[in-house]
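So the structure is just underneath, and the comments pick up after that.
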Amino acid sequence: MADMLAGRLHLADRTLRMESVAVPEPAPGQVRIRVEAAGVCLSDVHLIDGTLTPLYLPGDVVTLGHEVAGVVDALGDDVEGWEPGRRVLLQAGERDRRGTVFTRGVDYDGGWAEYAVASEDTVVPIPDDLPFEQACIIPDAVSTPWAAVTDTARTRPGEAVGVWGVGGLGAHAVQLLRLVGAAPVIAVEPLATARDRAVALGADAVLDPADPAFRDAVLELTDGRGLDVAFDFAGVTAVREQALTVLGRRGRLVLAGIAGKPVTIASDSPFNYFQQAVLGHYGSESEHVVQLVSLARQRRLDLSGSVSDVLPLAEAEEAVRRVHTKQGNPIRLILRP
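Written out as structure tokens, the structure is:
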């Protein structure tokens with residue numbers, strides 16, 4: 406089989422190299438897809454800079470990319486129900502029988518390549534009118550906040566919510582919270598451009614976390630009761646500390662961002678009295694991706710504004726630089742082979 410271009414992370418020196426590698430052959434139970442679009446996530450940047458390290462990667466080199474969409478190209482033995490040419494996206498990972506989660510582009514080769522292989526049960530069909538550039542970001546960029554909103558927080562209609570960080574995850578959280586009927590949806594962002602984006606995405610109010618009147622503003626927006634749910638999509642210690650000061654009775658703080666730092670509750674007395682909770686959140690389950698594809702198909706979810714730019718796969722290093730420096734304040738950059 407011919408060779409292909411792939412973005413390979415070498416863990417020994419934490420370098421991303423664009424390399425020519427063999428096109429993978431699908432093993433029994435696997436499907437090979439021709440990649441049409443792959444998202445660039447902040448997690449990819451953290452893998453390169455050493456903030457994150459694969460837990461289950463058997464070697465020290467991996468093709469990055471856990472947000473992937475394309476066309477079925479070839480089938481391994483014993484695969485049924487799929488045919489070449491079918492438009493699909495790939496789940497961001499898979500779980501083994503013991504419950505261990507293996508993440509695509511982290512623990513095994515991902516989609517920053519011309520072709521990728523996947524277990525057949527991680528392949529999800531997408532409608533013909535859903536662009537690959539939008540479909541590829543549903544796993545993770547959209548499904549992670551969707552799972553945080555619907556499962557971890559169990560957000561109910563009419564609940565007052567705050568979203569700290571309106572980047573790749575938080576921007577979608579604003580849309581999804583409106584979809585489930587949360588109100589008001591308050592976006593908290595230090596960047597003025599990101600606050601403007603939050604308004605365009607449907608936030609009922611936007612606040613600067615550095616505003617001395619921040620707590621008073623939240624109480625005014627919530628008729629004095631405080632937030633029912635606060636979402637930390639920034640992964641910053643100061644965010645958690647601030648969010649805890651504006652939680653209401655039975656309020657939940659959901660940690661969707663990863664700070665790698667201790668979580669501190671200033672005083673257990675009000676925390677206990679108001680029966681508040683801190684909830685950890687990570688990723689999503691396969692059904693969340695399927696739900697979102699259905700919502701997109703039924704025109705309940707518009708991801709057209711999520712694609713900040715599309716770059717050739719060969720320019721993966723430039724895409725990583727732009728995400729790292731937040732150049733242009735992107736929601737998602739997409740690589741196209």
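Here the numbering used here is used: the sequence shown runs in plain steps of one and ends on residue 742. Cβ atoms here follow ideal geometry from the backbone N, Cα and C, with glycine treated the same way. Computed from a prediction, not measured in an experiment: that's the story for all the values here.
- Integer-rounded CB distance, given that Ser-548 should sit under 8 Å from His-693: Numbered from its first residue, the sequence shown carries residue 693 at position 288. Numbered from its first residue, the sequence shown carries residue 548 at position 143. Right, their Cβ atoms sit about 5 Å apart.
- Task: List the DSSP bridge partners of Pro-746.
- Result: Coverage of the chain is limited to positions 406 through 742, which leaves residue 746 absent and any answer about it impossible.
- Item | Neighbourhood of Asp-408 by C-beta distance below 8 Å, restricted to the same chain and skipping five residues each side | As a first step, residue 408 is located in the sequence shown; it is residue number 3 there, counting from the start. These residues qualify, in order along the chain: Ser-425, Val-426, Ala-427, Val-428.
- Sorted by chain position, which residues of the same chain lie with C-beta nearer than 6 Å to Arg-702's C-beta, five sequence neighbours on each side aside? Mapped onto the sequence shown, residue 702 falls at position 297. So the qualifying residues of the chain are Pro-532.
- Under 8 Å between C-beta atoms of Leu-632 and Ala-587: Stepping through the sequence shown from its first residue, residue 632 is reached at position 227. Stepping through the sequence shown from its first residue, residue 587 is reached at position 182. The answer is no: Cβ separation not under 8 Å.
- Item | Start and end residues, beta strand (DSSP E) containing Thr-555 | Sequence index remark: in the sequence shown, residue 555 carries index 150 (1-based). No beta strand (DSSP E) holds Thr-555; DSSP gives it neither H nor E.
- Item | Closest by C-alpha distance to Pro-742, when choosing among Val-715, Gly-490, Val-436, Trp-569 | Here residue 742 corresponds to residue number 337 of the sequence shown, with the count starting at 1. It is Val-715 whose Cα lies nearest to the Cα of Pro-742.
- Is the Cβ-Cβ distance between Leu-606 and Ile-591 less than 8 Å? Working through the sequence shown from its first residue, we reach residue 606 at position 201. Working through the sequence shown from its first residue, we reach residue 591 at position 186. Contact flag unset, no.
- For the stretch 625 to 713, list the alpha helix (DSSP H) runs that are entirely contained and at least 4 residues long, ordered along the chain. 642 to 649, 673 to 678, 691 to 702
- Query: Touch check for the stretch 436 to 451 and the stretch 463 to 483: three-plus C-beta pairs under 8 Å?
  - Reply: yes
- Query: Does the pairing of the stretch 572 to 580 with the stretch 652 to 660 give three or more beta-carbon distances under 8 Å?
  - Reply: no
- Message: Taking the alpha helix (DSSP H) that Asp-601 belongs to, which residues open and close that run?
- Response: Translated into positions along the sequence shown, residue 601 becomes position 196. It spans 597 to 606 - the alpha helix (DSSP H) in which Asp-601 sits, taken as one unbroken run.
- Item | Reduced DSSP category for Thr-352 - H, G, I as helix; E, B as strand; rest coil | Given that the chain is displayed from residue 406 to residue 742, the structure contains no residue 352 and the question cannot be resolved.
- Message: So for Gln-435, helix, strand or coil by DSSP?
- Response: Counting from one through the sequence shown, the residue named residue 435 turns up at place 30. Note: Gln-435 maps to strand in three-state DSSP.
- Task: Compare the Cα-Cα distances from Gly-525 to each of Asp-628, Asp-465, Val-493, Cys-541 and report the closest residue.
- Result: On the sequence shown, residue 525 is found 120 positions in, with the first residue counted as 1. Sequence check: residue 525 is Glu here, not Gly. Considering only alpha carbons, the answer is Val-493.
- Message: Could you tell me the alpha carbon to alpha carbon distance between Glu-594 and Ala-411, rounded to whole angstroms?
- Response: The residue you call residue 594 lines up with position 189 of the sequence shown. The residue you call residue 411 lines up with position 6 of the sequence shown. Their backbone Cα atoms lie some 35 Å apart in a straight line.
- Query: Using the C-alpha atoms, what's the distance from Val-445 back to Val-436?
  - Reply: Within the sequence shown, residue 436 is the residue found at index 31, counting from 1. Within the sequence shown, residue 445 is the residue found at index 40, counting from 1. Cα-Cα distance, rounded: 23 Å.
- Message: Using 8 Å for Cβ pairs, my map puts Pro-735 next to Val-725. What's the rounded Cβ distance?
- Response: Reading the sequence shown from its first residue, position 330 is the one you call residue 735. Reading the sequence shown from its first residue, position 320 is the one you call residue 725. Not a contact, Cβ separation roughly 12 Å.
- Buried versus exposed, by CB contacts within 10 Å (16 or more), Leu-460: Against the sequence shown, residue 460 aligns to sequence position 55. Burial call: exposed.
- As assigned by DSSP and simplified to three states, the class of Pro-536: Within the sequence shown, the letter at position 131 stands for residue 536. Of the three classes helix, strand and coil, the one that applies to Pro-536 here is coil, per DSSP.
- Query: Do the CB positions of Glu-384 and Thr-669 come within less than 8 Å of each other?
  - Reply: Absent from the model: residue 384. The displayed extent of the chain is 406 to 742, so no value can be given.
- Spatial neighbours of Val-644 within its chain, please: CB distance less than 6 Å, with the 5 preceding and 5 following residues excluded, ordered by chain position. The residue given as residue 644 occupies position 239 in the sequence shown. Trp-569, Asp-637.
- Item | DSSP-derived helix/strand/coil call for Ile-453 | By 1-based counting over the sequence shown, the position of residue 453 is 48. Helix.
- Whole-angstrom C-beta distance between Leu-684 and Ala-576, which should lie under 8 Å: Within the sequence shown, numbered from 1, the residue matching residue 576 stands at position 171. Within the sequence shown, numbered from 1, the residue matching residue 684 stands at position 279. Incorrect: roughly 21 Å between the Cβ atoms, too far for contact.
- Query: Applying the criterion that 16 or more other CB atoms from any shown protein chain within 10 Å of the CB defines a buried residue, is Gln-681 buried or exposed?
  - Reply: Residue 681 sits at position 276 when you count from the first residue of the sequence shown. That one is buried.
- Message: Here's a check: name, in chain order, each residue in its chain whose Cβ is nearer than 7 Å to the Cβ of Leu-738, leaving out the five neighbours to either side.
- Response: The residue given as residue 738 occupies position 333 in the sequence shown. Correct list, in chain order: Val-445, Ser-713, Asp-714, Leu-716, Ala-724, Arg-727, Val-728.
- Message: Quick check: the Cα distance between Gly-464 and Tyr-513, rounded to an integer number of angstroms?
- Response: Mapped onto the sequence shown, residue 464 falls at position 59. Mapped onto the sequence shown, residue 513 falls at position 108. Computed Cα separation, rounded: 9 Å.
- Taking C-alpha atoms, which residue in Arg-583, Leu-649, Asp-601 lies nearest to Phe-619? As a working mapping, residue 619 is identified with position 214 in the sequence shown. It is Leu-649.
- CB-CB length for Glu-722 against Leu-421, believed under 8 Å: For this step, residue 722 is matched to residue 317 along the sequence shown. For this step, residue 421 is matched to residue 16 along the sequence shown. That belief holds up - the Cβ atoms of Glu-722 and Leu-421 are roughly 6 Å apart, short of 8 Å.
- Query: Should Thr-527 go down as buried or exposed, given a rule of 16 or more other Cβ atoms within 10 Å for buried?
  - Reply: In the sequence shown, the residue the question calls residue 527 occupies position 122. Burial call: buried.
- Where does Arg-561 land, buried or exposed, given buried means 16+ other C-beta within 10 angstroms? Against the sequence shown, residue 561 aligns to sequence position 156. Counting Cβ neighbours within 10 Å, Arg-561 comes out exposed, since fewer than 16 surround it.
- 6 Å Cβ shell around Ser-691 - same chain, five flanking residues per side excluded: On the sequence shown, position 286 is the one that residue 691 refers to. Cβ within range, chain order: Gln-496.
- Message: By the DSSP assignment, the alpha helix (DSSP H) with Ala-576 in it spans what residues?
- Response: The residue labelled residue 576 in the question sits at position 171 within the sequence shown. Unbroken alpha helix (DSSP H) run through Ala-576: 575 to 584.
- Message: Once the 5 residues before and after Leu-582 are set aside, which same chain residues still bring their CB inside 8 Å of it?
- Response: As a position in the sequence shown, residue 582 is number 177, starting the count at 1. Around Leu-582: Val-554, Thr-560, Val-566, Val-568, Val-590.
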